[in-house]
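K.L.:
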Amino acid sequence: MVTIREATIADTPAIARVHQSSARGLGRTHYTPEDIETWAGSITPERYLHSIEEQYVVVAVEQGEIVGWGQLNAEKSEIVAVYVTPARAGAGVGRALLTHLEEVASNLGCRTLSLWSSLNAVGFYQRYGYQVTERSVDKLSNDEIPAIRMVKTTIT
Ligand SMILES: CC(C)(COP(=O)(O)OP(=O)(O)OC[C@H]1O[C@@H](n2cnc3c(N)ncnc32)[C@H](O)[C@@H]1OP(=O)(O)O)[C@@H](O)C(=O)NCCC(=O)NCCS
Numbered sequence: 008m009v010t011i012r013e014a015t016i017a018d019t020p021a022i023a024r025v026h027q028s029s030a031r032g033l034g035r036t037h038y039t040p041e042d043i044e045t046w047a048g049s050i051t052p053e054r055y056l057h058s059i060e061e062q063y064v065v066v067a068v069e070q071g072e073i074v075g076w077g078q079l080n081a082e083k084s085e086i087v088a089v090y091v092t093p094a095r096a097g098a099g100v101g102r103a104l105l106t107h108l109e110e111v112a113s114n115l116g117c118r119t120l121s122l123w124s125s126l127n128a129v130g131f132y133q134r135y136g137y138q139v140t141e142r143s144v145d146k147l148s149n150d151e152i153p154a155i156r157m158v159k160t161t162i163t
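Heads up, the sequence shown is in my numbering, so the first residue is 8 and it goes up one at a time.
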């Protein structure tokens with residue numbers, strides 16, 4: 008069973024590992040090797056320190072192991088990240104992360120949520136009611152690779 012809990016500084020090495028393996032393992036269907044390196048090559052645990060202090064970062068834990076992570080910027084009504092380790096893809100971890108972040112966003116007063124989706128994750132977000140609003144942009148969080156802007160207008 009997957010548990011979602013708030014991330015701590017001690018989780019940052021595991022978050023970085025999941026982030027890298029997820030981009031490399033699940034992104035390669037839609038990105039060039041160069042884009043994957045832009046996306047995953049420069050990730051370090053330090054990257055998450057500010058986010059953990061300033062935003063809402065969670066990890067998905069199964070049998071004591073971090074298998075996914077997610078990030079919400081409630082101030083901007085933005086889902087910043089949802090990443091699942093390739094070995095656990097397709098097992099409901101992404102759903103657990105996204106629905107948790109949406110619930111927290113709703114409790115904090117967000118009525119719409121926006122995000123930059125990787126090209127490979129568009130179907131996942133559509134499954135949960137997000138609609139494409141912009142294409143052909145080069146921005147995925149901090150990483151300058153092609154991404155798709157998506158918005159969900161009714162957060163319950
Ligand atoms: C996108 C991602 C988070 C999905 O996580 P996951 O744990 O594999 O997804 P789940 O198993 O929870 O799937 C939930 C539902 O979404 C669907 N789904 C999952 N990934 C999908 C995809 N890429 N396209 C279409 N549907 C998808 C599943 O079929 C499932 O539908 P169902 O409830 O009708 O059976 C995961 O593939 C991932 O980490 N990708 C690489 C990193 C990434 O691109 N993250 C997004 C950055 S913006």
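Every residue, glycine too, gets a C-beta built ideally from N, C-alpha and C.
On a predicted model such as this, the values are computed, not experimentally measured, just so you know.
Nearer than 7 angstroms: is that true of the beta carbon of S28 relative to any heavy atom of ligand 1?
P.N.:
Start at 1 with the first residue of the sequence shown, and residue 28 comes out as number 21. Taking the Cβ of S28 as the reference point, every heavy atom of ligand 1 lies at 7 angstroms or farther away.
K.L.:
Measure the C-alpha to C-alpha separation of T161 and P40 and round it to an integer number of angstroms.
P.N.:
Indexing the sequence shown from 1 puts residue 161 at position 154. Indexing the sequence shown from 1 puts residue 40 at position 33. When rounded, the distance between both Cα atoms is 36 angstroms.
K.L.:
Count the other C-beta atoms from every protein chain shown that fall within 10 angstroms of the C-beta of I16, then say buried if there are 16 or more, exposed otherwise.
P.N.:
Looking up residue 16 in the sequence shown gives position 9. Classification of I16: exposed, given that the 10 Å Cβ count is below 16.
K.L.:
Which runs of the alpha helix (DSSP H) fall wholly inside the region 31-118 and span at least 4 residues, in chain order?
P.N.:
40-47, 56-61 and 100-114
K.L.:
What do you reckon, is the C-beta of S124 under 7 angstroms from a heavy atom of ligand 1?
P.N.:
Looking up residue 124 in the sequence shown gives position 117. Yes, since a heavy atom of ligand 1 falls inside the 7 angstroms radius drawn around the Cβ of S124.
K.L.:
Count the C-beta pairs between the region 114-121 and the region 79-98 that are closer than 8 angstroms, then say yes if the count reaches three, no if not.
P.N.:
yes
K.L.:
Report the rounded CA-to-CA distance for Y135 versus G99, giving the unit in angstroms.
P.N.:
Indexing the sequence shown from 1 puts residue 135 at position 128. Indexing the sequence shown from 1 puts residue 99 at position 92. Rounded to whole angstroms, Y135 to G99 spans 13 angstroms at the Cα level.
K.L.:
Based on DSSP bridge pairs, tell me the residues matched to I11.
P.N.:
Position 4 of the sequence shown, counted from the first residue, corresponds to residue 11. Looking at the DSSP assignment, I11 forms a beta bridge with A67.
K.L.:
Less than 6 angstroms between C-beta atoms, sequence neighbours within five positions excluded: which residues of the same chain meet that for V139?
P.N.:
Here residue 139 refers to the residue found at position 132 when the sequence shown is read from its first residue. For V139, where only same-chain residues beyond five positions count, the Cβ hits under 6 angstroms are I155 and M157.
K.L.:
Excluding five sequence neighbours on each side, which residues of the same chain lie with their C-beta closer than 7 angstroms to the C-beta of V91?
P.N.:
Locating residue 91 in the sequence shown gives position 84, where the first residue counts as 1. So the qualifying residues of the chain are S29, V74, G75, V100 and G101.
K.L.:
If you draw a straight line from the C-alpha of V9 to the C-alpha of I152, how long is it?
P.N.:
Stepping through the sequence shown from its first residue, residue 9 is reached at position 2. Stepping through the sequence shown from its first residue, residue 152 is reached at position 145. The C-alpha of V9 lies about 30 angstroms from the C-alpha of I152.
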